[in-house]
Amino acid sequence: MSKKILYIDLDNTLVDFGSRLASLDEDLMKKYEGNLDEIPGIFALMRPMPGAVEAYNTLSEHFDTYILSTAPWENPSAWQHKIEWVHLHLGREEGTPAYKRLILSHHKNLNKGDFLVDDRPNNGAERFEGEWIKFGSEEYPDWARVTEHLLSEV
Numbered sequence: 001m002s003k004k005i006l007y008i009d010l011d012n013t014l015v016d017f018g019s020r021l022a023s024l025d026e027d028l029m030k031k032y033e034g035n036l037d038e039i040p041g042i043f044a045l046m047r048p049m050p051g052a053v054e055a056y057n058t059l060s061e062h063f064d065t066y067i068l069s070t071a072p073w074e075n076p077s078a079w080q081h082k083i084e085w086v087h088l089h090l091g092r093e094e095g096t097p098a099y100k101r102l103i104l105s106h107h108k109n110l111n112k113g114d115f116l117v118d119d120r121p122n123n124g125a126e127r128f129e130g131e132w133i134k135f136g137s138e139e140y141p142d143w144a145r146v147t148e149h150l151l152s153e154v
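If you're matching positions, the sequence shown starts at 1 in the numbering used here and goes up one per residue.
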């Protein structure tokens, strides 16, 4: 029996995007106001959301799990730093749950699967053909609730 396919977004889903913004230089923040995701190196600084790493590892035991994220077009370093974040927090070695399971796309709806956990409808998430689980919503406010829901679908 094959496992259901689960995609999980990075920014503000696995990654706490705001976790390091307060430590950035004020001039840098002003320069990139409204486009903070274009700050060079920004993604390498971020911490995981509470419970995210544990949830990813647990869900990977029950689903065919992939990370599906979008990297800013105007920030080439983000593409590199996203994979470095995955290496650091989820493992880089063969056999680890996220090994070669990072997909970067501006068209999430093109991926076929059963579930997408994402905090925003952007980049095709709202047109995903499976179930879109809106992370951070009233129904799915945290990883405990998301994990509970998904495990009930196995």
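From the three backbone atoms N, C-alpha and C, an ideal C-beta is built for every residue, glycine too.
Fair warning: this is a prediction, and the values are worked out from it, not measured in the lab.
Residue of the options minimising C-alpha distance to residue i
{"i": "TYR66", "options": "GLU26, PRO50, ASN111, PRO76", "result": "ASN111"}
{"i": "LYS4", "options": "ASP142, ASP119, ASP114", "result": "ASP114"}
{"i": "TYR99", "options": "HIS106, ALA52, LEU90, PRO121", "result": "LEU90"}
{"i": "ASP25", "options": "SER77, LEU36, HIS62", "result": "LEU36"}
{"i": "VAL154", "options": "LYS82, GLU61, ASN75", "result": "GLU61"}
{"i": "SER152", "options": "GLU84, PRO141, PHE63", "result": "PHE63"}
{"i": "PHE17", "options": "LEU116, PRO50, GLY124", "result": "PRO50"}
DSSP beta-bridge partners of residue i
{"i": "LYS134", "result": "ASP118"}
{"i": "TYR7", "result": "TYR66, LEU116"}
{"i": "ARG47", "result": "ASP16"}
Simplified DSSP assignment, three categories, for residue i
{"i": "VAL53", "result": "helix"}
{"i": "VAL15", "result": "strand"}
{"i": "LEU150", "result": "helix"}
{"i": "ASP142", "result": "coil"}
Contact with chain D by residue i, beta-carbon distance below 7 Å
{"i": "ASP119", "result": "Absence of chain D from the displayed structure is noted, only one protein chain being present."}
Cβ-Cβ distance between residue i and residue j below 7 Å
{"i": "ALA52", "j": "TRP143", "result": "yes"}
{"i": "THR13", "j": "PHE135", "result": "yes"}
{"i": "SER137", "j": "LEU104", "result": "no"}
{"i": "GLU38", "j": "GLU74", "result": "yes"}
{"i": "SER77", "j": "GLY41", "result": "yes"}
{"i": "ASP11", "j": "ASP118", "result": "no"}
{"i": "PHE43", "j": "LYS82", "result": "yes"}
heavy atom of the ligand HEM below 6 Å from residue i C-beta
{"i": "ASP16", "result": "By its list of ligands, the structure shown contains no ligand whatsoever, and the ligand HEM lies outside what it can speak to."}
Worksheet item: If you scan the region 57-126 from start to end, which runs of the beta strand (DSSP E) of 3 or more residues do you find wholly inside it?
Response: Listed in chain order, the complete beta strand (DSSP E) runs (minimum 3 residues) inside the region 57-126 are 64-69, 102-104, 115-118.
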